[in-house]
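Written below as structure tokens is the structure these notes are about.
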Amino acid sequence: MQKGSITNRVWYKIRLIAASDHKTACNSGSGKAIVSFLFIMNVRVRFAPSPTGFLHIGGARTALFNWLYARHTGGTFVLRIEDTDAARNTQEATDVILHGLRWLGLDWDEGPASNNPAGPSKGDYGPYFQSQRGEMYKKRVQELKDKGMAYESEGAVKFKMDRNPIVIPDLVVGDVRRELTDREQVDPDFVIIRSDGQPVFHFVNVVDDLDMRITHVIRGEDHLTNTAKHIALFRAFGVEPPKYAHIPLILNPDGSKMSKRDTGASLQSYMDDGSAPEAVVNYLCLLGWSPKENREKLPLEEIVKLFDLPQVLRHNARFDLDKMKWLDGEYLREMNDDRFRELGAQALRRAGFALDKYPADYVKAALTTCKGKIKRFGELGAYAGFYFSDEVKIDPALAEKEFTDEAKARVKKLRAAFEQLPQFVAAELEKALKATAAELGIKAGPLVHPTRLACTGAAAGPSLYHLLEILGRDKVLQRLDIH
RNA sequence: GACCCUAUCGUCUAGUGGUUAGGACACCGCCCUUUCACGGCAGUAGCAGGGGUUCGACUCCCCUUAGGGUCGCCA
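2 is the number of the first residue of the first sequence in our numbering; add one for each residue after it.
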């Protein structure tokens, strides 16, 4: 089968027709047959993470692609937690995944309704935590044993693997004919139940996909060659395997595998650095997929419309933090003011600034001057911290450069002018500064730089006149008193 | 060792036999500007190598090379 096969296209078209018929049929009150037809055809995808304590950026993209495909086709997005490794899986680890998905806005139609494995869930195919599905696995093992497809070996249960090459039809990669490796030729059978009674990944993954009626398995390419095992398992159960789509991996900038500790590997780092979730989602879409027509930044609704599996690229992508930051900046610039201030305030509090000591209007005005200037909220502490500190920390190197005796004398003159100002507002401050500069026979620049440094401690920051107004006369005069 | 996937500027990508190989990030220059950012204009930079097929290959086939993945009583 070729990429974007005829089978798939026809199948997809049928679903579309069914969907539109469904609407009319329901409106006329006789859509029963169509509904069951729809039920069979409806796309069901799943994201099946293992709670390891962090959500890998590649995992996040896998979740996103699944979510996009579900939304694009009008299908169902299932979340299943693969917590079979009791030693490793903790409540906190599960929290991290659910929190990450919620942060990204990837809502699931079926799956856990709480973070508790034994807690409630939504959907008809639960439980959605593998730790709660032991009985189902037992039944399936027995089924295989009864069929003579599984047998006990040294306390474990092994599956009788097909000795012949298996062709994996993949929506992204095309047909993949998988031969046995040299080791597999020695013993192609593999363990499905450990000697301690716990089922292993390949087995539970297939059983759950089968029981949950998953129609499309969209996952990382690292699973591609193992898919032969999964197909053999499905066949052993007497059912057709789902359609597969193996998406390329996200690598480090140097092309190496992205592991836990690498920059940007954990979704948490984007939250910590103050990315906008919509920026992360947009960036992730651009890795391994393209909206074409030279488009880079586009709203989610648009992506949902355009996204499809056959167009997913076949080669791995490298993670580019610069481009991520660029998109971050774009989204922060266009964010509505209230949300910008809200997220900005959160970031500053996280960075240790006691915003509550300041009047709400002051905080609001201060944050507003940062809008359109920063790329990520994590920059706010360094960018706008001067608003919320009693002491201004000035870089000694910059001080030496800007605070020359000449500059100090000029600033002193400016300070006197500011002191006399009837109204301490941006427009007046600007007039006063320019007038002072004129009196001194210099341009505004040489006066602006030391003033900014004295008041903010940095060479770059929000609009000077506005920041002075917000800071207020007392603080400004105090900070301009350079020694 | 075996098996599998992949290969367009530094990076993400458009491109499906005939293009001056397009865009974005990054970088560089200029303009704008109180700083920074934004914006505007311009620029540097790419089809991994070798064989075929063809009138003609970035595009199709093979080989090499390189990168990635898998072969677990981890997921």
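All C-beta atoms, glycine included, are put in the ideal place defined by N, C-alpha and C.
Output the boundary residues of the beta strand (DSSP E) element that contains G175. Note, G175: beta strand (DSSP E), G175 to R179.
Start and end of the beta strand (DSSP E) containing V217? A small fix is needed here, since residue 217 is His in this sequence, not Val. Segment H217 to G221, the beta strand (DSSP E) holding H217.
For D323, which residues of its own chain have a beta-carbon under 7 Å away from its beta-carbon, when the five flanking residues on both sides are left out? Cβ-Cβ distances below 7 Å link D323 to nothing in the same chain once the five nearest sequence neighbours on each side are left out.
Taking G112 as the reference, which of E83, K306 and R89 has the closest Cα? Comparing Cα-Cα distances from G112 to each of E83, K306 and R89, the minimum goes to E83.
Among residues of its own chain, excluding the 5 on either side of F55, which ones have a beta-carbon nearer than 7 Å to its beta-carbon? If we look at F55 and ignore the five residues flanking it on each side, its Cβ neighbours are V97, K261, S267 and Q269.
Taking E153 as part of the beta strand (DSSP E), name the residues at either end of that continuous run. Counting along the chain, the beta strand (DSSP E) containing E153 begins and ends at A151 to S154.
Sort out for me which residues DSSP pairs T77 with in a bridge. Partner(s): R45.
At which residue ranges does the stretch 422-455 contain complete beta strand (DSSP E) runs of 3 or more residues, listed in the order of the chain? Along the stretch 422-455, the beta strand (DSSP E) does not occur as any fully enclosed run of 3 or more residues.
Pairwise C-alpha distance: D357 and I41: For I41, the predicted structure reports a pLDDT of 49, less than 50, and the residue's modelled location is therefore unreliable. The matter cannot be settled from this model.
Contact set for L381: own chain, Cβ-Cβ below 6 Å, skip 5 residues either direction: Counting only Cβ-Cβ distances below 6 Å, and skipping sequence neighbours, we find G345, A348 and L349.
Option nearest G156 by Cα separation, candidates G198, D482 and T369: With respect to the C-alpha of G156, the residue from G198, D482 and T369 having the closest C-alpha is G198.
In or out: G379 buried (at least 16 other Cβ within 10 Å) or exposed? Buried.
Could you check what DSSP says for D171 in three-state terms: helix, strand or coil? Note: D171 maps to strand in three-state DSSP.
Can you tell which of H467, E331 and D125 has the C-alpha that lies nearest to the C-alpha of L80? It is D125.
Taking the C-alpha atoms as reference points, what is the distance between I167 and A64? Using only the alpha carbons, I get a separation of about 27 Å.
Please report the distance separating the alpha-carbon of I304 from that of E429. Cα to Cα, the separation comes out at about 47 Å.
DSSP beta-bridge partners for G112? G112 is bridged to K123.
Whether T216 touches R45 by CB criterion (8 Å): In contact: T216 and R45 (Cβ atoms closer than 8 Å).
Consult DSSP for H467 and reduce its assignment to one of helix, strand or coil. Residue state, collapsed to three classes: helix.
Are P463 and A385 close, meaning C-beta to C-beta below 8 Å? Taking 8 Å as the cut-off, the Cβ atoms of P463 and A385 count as close.
Distance, Cα to Cα, L301 vs G59? Computed Cα separation, rounded: 19 Å.
Which residues bound the beta strand (DSSP E) around V158? Per DSSP, V158 belongs to the beta strand (DSSP E) from A157 to F160.
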